[in-house]
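Trainee: Taking my numbering, I'd label the letters of the sequence shown as residues 4 to 68. Backbone N, C-alpha and C fix where the C-beta goes; we use that ideal spot for every residue, glycine too. Structure in structure tokens, see below.
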Amino acid sequence: MERATAASPEPALETEVACPHCERSVTISRPDREADVTVRPYVAAYGSHSTVHCPAGHTFWVYDC
Ligand SMILES: [Zn+2]
């Protein structure tokens, strides 16, 4: 019998960021309410980041700082 991994009881936190390409607001889920985010139009090889797609089809990256 496998034991199911308990899901996190904390709800997803959402933050609005602006797309660096068209400045459109995009809502993203944030794992940590306290962390500040940095938006970059390119991916870097360091830090915790997530890929975001804006409604206009742009791709950018959000970093935890
Ligand atoms: Zn965009």
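1. If we count the other Cβ atoms within 10 Å of its Cβ and call it buried at 16 or more, is Cys-22 buried or exposed?
2. Heavy atom of ligand 1 less than 7 Å from the Cβ of Arg-43, yes or no?
3. Where does Val-20 fall in DSSP's three states?
4. Kindly indicate the opening and closing residues of the beta strand (DSSP E) around His-67.
5. Within a Cβ cutoff of 6 Å, which residues of the same chain sit near Ser-53, ignoring the five residues on either side of it in sequence?
Mentor: In this structure, then:
1. Against the sequence shown, residue 22 aligns to sequence position 19. Cys-22 should be labelled buried.
2. Position 40 of the sequence shown, counted from the first residue, corresponds to residue 43. Checking the Cβ of Arg-43 against ligand 1 gives no.
3. Position 17 of the sequence shown holds residue 20. Correct three-state label for Val-20: strand.
4. Locating residue 67 in the sequence shown gives position 64, counting from the first residue. According to the sequence provided, residue 67 is Asp. The question's His does not apply to it. 62 to 67 is the span of the beta strand (DSSP E), which, as asked, contains Asp-67.
5. Position 50 of the sequence shown holds residue 53. These residues qualify, in order along the chain: Val-65.
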